[in-house]
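Participant:
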DNA sequence: TACAAAGTATAGCCAAGGCTATATTTTGAC
DNA sequence: GTCAAAATATAGCCTTGGCTATACTTTGTA
């Protein structure tokens with residue numbers, strides 16, 4: 001029908017901001033998403049081990065709001081990633097690597113929640129939002145957060 | 001071999017914190033992930049329309065760092081979601097709904113970047129991290145951010 | 001005007017992350 | 001010691017979001 005668009009297809013093309021930069025940025029975000037779930041699992045497993053003495057697929061599933069089948073499948077991924085060990089019907093355990101990740105995640109989570117709270121976000125929202133936000137906070141930003149909290153006393 | 005675990009399988013079970021709450025929290029995070037990508041696309045399309053006068057699959061793909069095929073497929077999803085319209089070989093346009101979403105996303109993005117910057121995060125990191133963070137900031141938190149920036153002048 | 005290059009679309013593949021339904025194992029109670 | 005219930009595992013299916021390879025339009029230029 002009409003072809004108002006497409007007339008001069010490269011008009012303004014060179015005016016676009018550096019695509020490379022943004023592409024890399026988005027790319028990183030995508031990668032972060034794939035690790036976010038594993039981080040959640042590792043965090044939760046460490047939590048369950050500490051509070052209940054063991055981490056069972058059923059508890060993990062319930063806490064994450066997914067089916068046990070899904071939990072089991074993801075635990076298999078954790079094993080493949082070298083973050084956890086598990087033998088059939090015998091519970092899940094974190095490897096050293098998994099424990100290290102859990103520690104890092106826990107610290108980061110705390111920091112994000114504290115910053116949100118310091119900014120005036122209600123505790124409940126801070127906890128809920130941190131669950132999503134924490135996976136996308138870089139080391140640099142994390143340092144700035146810590147600094148901010150320290151300065152603020 | 002050993003069965004140290006599993007001995008008393010419900011020990012401490014009732015000591016676990018309210019699973020319902022956390023399950024819902026994680027559940028929300030999952031849902032947010034599925035909309036995050038569409039938000040990115042809508043945001044970018046609006047940006048391209050404004051800066052280049054049109055939004056073409058190839059440009060979208062390049063800016064997002066994905067293949068054109070992936071971009072085309074996701075654009076189809078945008079159409080299904082009622083956020084965009086597109087006819088073969090004729091570019092992508094936002095619907096009213098899509099434009100409204102783009103506006104909301106843009107405002108939110110700005111707010112997140114500004115808050116990060118105010119906290120001392122370097123501009124580049126702030127931009128990069130905001131790309132991931134913004135999708136997980138609730139309305140309540142957004143309000144707190146705005147308030148914080150206002151109070152801080 | 002014809003044609004090559006650029007852009008666009010489609011098909012078919014893969015892994016992740018979700019589900020339900022169907023085994024199988026373990027456990028605790030009888 | 002049996003056996004039912006609970007937990008666990010497996011199989012098969014779906015959607016999303018990525019890819020490459022291949023085919024088809026559009027466009028600008030020779």
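Residue numbers (the working numbering), protein chains in the order written: chain H, 1 to 153; chain G, 1 to 153. Cβ atoms here follow ideal geometry from the backbone N, Cα and C, with glycine treated the same way.
Less than 8 Å between C-beta atoms, sequence neighbours within five positions excluded: which residues of the same chain meet that for residue 62/H?
Facilitator: none
Participant: Which ranges does the beta strand (DSSP E) cover as unbroken runs of at least 3 residues, wholly within the segment 81-138 of chain H, from first to last along the chain?
Facilitator: Counting only runs of 3 or more, we get 84-86 and 92-94.
Participant: Using 10 angstroms around the beta-carbon of residue 54/H, count the other beta-carbons present and answer buried if the total reaches 16, otherwise exposed.
Facilitator: buried
Participant: Give me, in chain order, the residues of the same chain whose beta-carbon lies closer than 7 Å to that of residue 85/G; leave out the 5 immediate sequence neighbours on both sides.
Facilitator: Taking C-beta separations shorter than 7 Å and ignoring five residues to either side along the sequence, the partners of residue 85/G in its chain run 79, 93 and 95, following chain order.
Participant: Using Cβ-Cβ distances below 8 Å, what residues of the segment 90-108 of chain G are close to chain H?
Facilitator: 90 and 91
Participant: Just the Cα atoms here: how many angstroms apart are residue 91/H and residue 60/H?
Facilitator: Roughly 11 Å separates the two Cα atoms.
Participant: Only counting the same chain, and skipping five residues up and downstream in sequence, which positions put a Cβ closer than 7 Å to that of residue 115/H?
Facilitator: Taking C-beta separations shorter than 7 Å and ignoring five residues to either side along the sequence, the partners of residue 115/H in its chain run 145, 148 and 149, following chain order.
Participant: If you reduce the DSSP assignment to three classes, tell me which class residue 55/G lands in.
Facilitator: Residue 55/G falls in the coil class under three-state DSSP.
Participant: Rounded to whole angstroms, how far is the Cβ of residue 37/G from the Cβ of residue 74/G, which I believe are closer than 8 Å?
Facilitator: 7 Å
Participant: Taking C-beta to C-beta, are residue 130/G and residue 109/G nearer than 7 Å?
Facilitator: If you check the CB distance, residue 130/G and residue 109/G come in under 7 Å.
Participant: With burial defined as no fewer than 16 other Cβ atoms inside 10 Å of the residue's Cβ, what is the status of residue 152/G: buried or exposed?
Facilitator: exposed
Participant: If you draw a straight line from the alpha carbon of residue 120/H to that of residue 57/G, how long is it in whole angstroms?
Facilitator: 41 Å
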